[in-house]
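In our numbering, the protein residues as written are 1049 to 1448.
Backbone N, C-alpha and C define an ideal beta-carbon position, used for all residues, glycine too.
First the structure, in the form of structure tokens, and then the observations on it.
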Ligand SMILES: NC(=O)c1ccc[n+]([C@@H]2O[C@H](COP(=O)([O-])OP(=O)(O)OC[C@H]3O[C@@H](n4cnc5c(N)ncnc54)[C@H](O)[C@@H]3O)[C@@H](O)[C@H]2O)c1
């Protein structure tokens, strides 16, 4: 199937004007497309447009664009409020590419795609920004699943360069290539991921949170100490608990549960009681004023125990688990080694790509750590990736 030419003259539709949709609309309009921004709620459109206007004004202030360019970009975005189930989507009829960024619910997304494909031209491409659902399952709601793919932006889409391009099982390869080139032309840095739970970033990053929670639950160290170790010894911008509080415990727990369930309960991704309880209590992090830490005014953050040996143990245990995930993602062909490392540095700001890090700390050393953990705990969770075991035996590195 031929896809429409992806020139600037092509109109782009964005469905859902929330945090992601409004940012994606701004990115597409900044590149030069006419954008139809659709939502079922007037309040979402108002908030989304206000966010876009604020960003554009800031870009003028910082002399990144002129005021005339700001006006041009803003005029290219046409907001539409309607009922997505009852023909309200008609405004998207001439869009060559439609990116869906609505609520993360498989049935609602499937029904939207089935309605949408009757409205757009036969050669229009339909993309989903889902973080955790199967692109294949969304596409299978369509008569032409060949033109459905995942285009996974990170939050906020205007600032974060990474976009995971995710073809489903039935997606046309030529369409995937052309969408990837287009998103690159928008100024993004794309990686190709297979349609597997969590794609690249949300899969590989899980132990950063999960293993930190395990270490805490076992009483090996408290939260400030674990955060200190990962920040000051590991070089991460934020520690796991600070980051979970920033992301929101509910969001982080939902991502963990979704990958855990979608991998048929692989114990490497097992959620923890601590996070479930915090979420149940409404201690969701910065947004509720309390999470792992207290954000009320005057609250004093407990001091970490700055013991280098303890810090190193924490850092090496979490890093080994992260490297194990990255190696397994490569082993199971989720993505290439280059794309895995680029995804983790651009998507979650890791100080180094995990596979390059494995080369640096030593693959045999990483396997030793994992094997020791597996022997001690007797848990599958710590099994080393077959790829790491093979490489360690043969003295290979990921990047020569
Ligand atoms: N927030 C993130 O960090 C993030 C990152 C990457 C991907 N995503 C994914 O992007 C999607 C959107 O996330 P978000 O954070 O922007 O959500 P959000 O809640 O901020 O916005 C969703 C918007 O969709 C609208 N909507 C809901 N159902 C609709 C329908 N049937 N038709 C049209 N509009 C509808 C809502 O009114 C709302 O404005 C989800 O699939 C999410 O998993 C989110």
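{"Asked": "Let me know the secondary structure DSSP gives residue 1136 once reduced to three states.", "Found": "helix"}
{"Asked": "Within 8 Å, do at least three Cβ pairs link the segment 1076-1089 to the segment 1051-1066?", "Found": "yes"}
{"Asked": "Between 1209, 1158 and 1250, which lies nearest to residue 1191 when the distance is taken from Cα to Cα?", "Found": "1158"}
{"Asked": "Relative to the C-alpha of residue 1398, which candidate in 1374, 1299, 1380 and 1417 has its C-alpha closest?", "Found": "1374"}
{"Asked": "Distance, Cα to Cα, residue 1428 vs residue 1416?", "Found": "15 Å"}
{"Asked": "Look at the alpha carbon of residue 1255 and the alpha carbon of residue 1141, and state the distance between them as a whole number of angstroms.", "Found": "43 Å"}
{"Asked": "Taking Cβ to Cβ, would you say residue 1219 is nearer than 9 Å to residue 1235?", "Found": "no"}
{"Asked": "Classify residue 1321: buried if its beta carbon has 16 or more other beta carbons within 10 angstroms, exposed otherwise.", "Found": "exposed"}
{"Asked": "Which same chain residues, not among the five before or five after residue 1049, have their C-beta less than 6 Å away from its C-beta?", "Found": "Note that residue 1049 scores a pLDDT of 48, beneath 50, so its modelled location is shaky; the value from the coordinates is reported in the next line. The answer, listed in chain order, is 1194 and 1220."}
{"Asked": "Quick one: Cα of residue 1357 to Cα of residue 1437, how far?", "Found": "26 Å"}
{"Asked": "Can you give me the start and stop residues for the alpha helix (DSSP H) that residue 1120 sits inside?", "Found": "1115-1124"}
{"Asked": "Do residue 1072 and residue 1150 have their CB atoms nearer than 9 Å?", "Found": "no"}
{"Asked": "Counting C-beta neighbours from all protein chains within 10 Å, is the total for residue 1264 16 or more, i.e. buried, or is it exposed?", "Found": "buried"}
{"Asked": "Alpha carbons only, please: which of 1384, 1401 and 1107 is nearest the one belonging to residue 1119?", "Found": "1107"}
{"Asked": "Which whole runs of the alpha helix (DSSP H) in the segment 1213-1248 are 4 residues long or more, in chain order?", "Found": "1221-1233"}
{"Asked": "Just the C-alpha distance for residue 1325 and residue 1301, rounded to the nearest angstrom, thanks.", "Found": "10 Å"}
{"Asked": "In this structure, does DSSP put residue 1444 in helix, strand or coil?", "Found": "coil"}
{"Asked": "Output the distance between the C-alpha atoms of residue 1182 and residue 1248, rounded to the nearest integer angstrom.", "Found": "13 Å"}
{"Asked": "Kindly examine ligand 1 and report whether one of its heavy atoms sits closer than 8 Å to the Cβ of residue 1096.", "Found": "yes"}
{"Asked": "Can residue 1251 and residue 1382 be called in contact, C-beta distance under 9 Å?", "Found": "yes"}
{"Asked": "Given that a residue counts as buried once 16 or more other Cβ atoms are within 10 Å of its Cβ, and exposed if not, what is residue 1379?", "Found": "exposed"}
{"Asked": "Are the segment 1222-1235 and the segment 1351-1367 touching, with three or more C-beta to C-beta distances below 8 Å?", "Found": "no"}
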